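Here's the structure we're looking at; comments come further down.
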Amino acid sequence: GNRTFTMIKPDAVENGHIGAILEKITAAGFKIVAMKYTQLSRRDAGEFYAIHKERPFFGELVEFMTRGPIVAAILEKDNAVDDFRALIGATNPAEAAEGTIRKLYAASIGENAVHGSDSDENAAIEGAFHFSGREVY
Ligand code: GTP
Ligand code: MG
Numbered sequence: 003g004n005r006t007f008t009m010i011k012p013d014a015v016e017n018g019h020i021g022a023i024l025e026k027i028t029a030a031g032f033k034i035v036a037m038k039y040t041q042l043s044r045r046d047a048g049e050f051y052a053i054h055k056e057r058p059f060f061g062e063l064v065e066f067m068t069r070g071p072i073v074a075a076i077l078e079k080d081n082a083v084d085d086f087r088a089l090i091g092a093t094n095p096a097e098a099a100e101g102t103i104r105k106l107y108a109a110s111i112g113e114n115a116v117h118g119s120d121s122d123e124n125a126a127i128e129g130a131f132h133f134s135g136r137e138v139y
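Take the sequence shown: its letters are residues 3 to 139, numbered as in full-length UniProt numbering.
Laid out in structure tokens, this is it:
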């Protein structure tokens, strides 16, 4: 697939990293085809991360993702899902490769600066969760 979905999470927004992260994303060859600045409700966050509902960190995850604004975007590039996950690095920034967005801008496994879809199917679901057809160009 040629699209993925991302969020710049509340920690990275709070720390002033929106510009630097978007620069890394576009420098890596991703084209932004939809983007918005918004804040998730608890219901949004619970639905978005429903797959993690039974995990011990679910409450913390919803708390974190709703505590401040985020940037949501749909990105276009060949092999978008895999290439974007390589660009952001491992879930735990302590294990993320040098130069990756999480290595550079994330503090912990819970507060890890960015989201990237994990499959083409989820990229389409997550993009549609945040954007209507008229918001994608
Ligand atoms: P996303 O791109 O955000 O989906 O991250 P991921 O695909 O690298 O990881 P995963 O989908 O497994 O987990 C989703 C999110 O839950 C992570 O990005 C973290 O924000 C959070 N999370 C995962 N594991 C832990 C954990 O052990 N503790 C806490 N507090 N949060 C976690
Ligand atoms: Mg995930």
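By construction, the Cβ of each residue, glycine as well, lies at the ideal position given by its N, Cα and C atoms.
Predicted model, so just to flag it, every value in this text is computed and none were measured.
Between residue i and the ligand MG, is there a pair consisting of the residue's CB and a ligand heavy atom that are separated by less than 7 Å?
{"i": "residue 85", "result": "no"}
For residue i and residue j, I'd like the C-alpha separation in whole angstroms.
{"i": "residue 121", "j": "residue 83", "result": "6 Å"}
{"i": "residue 99", "j": "residue 18", "result": "22 Å"}
{"i": "residue 113", "j": "residue 135", "result": "30 Å"}
Out of the options, which has the shortest C-alpha to C-alpha gap to residue i?
{"i": "residue 42", "options": "36, 54, 69, 61", "result": "69"}
{"i": "residue 27", "options": "44, 75, 133, 52", "result": "75"}
{"i": "residue 93", "options": "23, 101, 118", "result": "118"}
{"i": "residue 111", "options": "91, 44, 7, 73", "result": "91"}
{"i": "residue 48", "options": "39, 36, 61", "result": "61"}
{"i": "residue 109", "options": "8, 9, 14", "result": "14"}
Helix or strand or just coil, what does DSSP make of residue i?
{"i": "residue 39", "result": "strand"}
When every heavy atom of the ligand GTP is checked, does at least one fall within less than 7 Å of the C-beta of residue i?
{"i": "residue 93", "result": "yes"}
{"i": "residue 112", "result": "yes"}
{"i": "residue 62", "result": "yes"}
**Prompt:** Whose CB is closer than 7 Å to a heavy atom of the ligand MG? List the residues in chain order.
**Reply:** So the residues near the ligand MG by this Cβ test are 117, 120.
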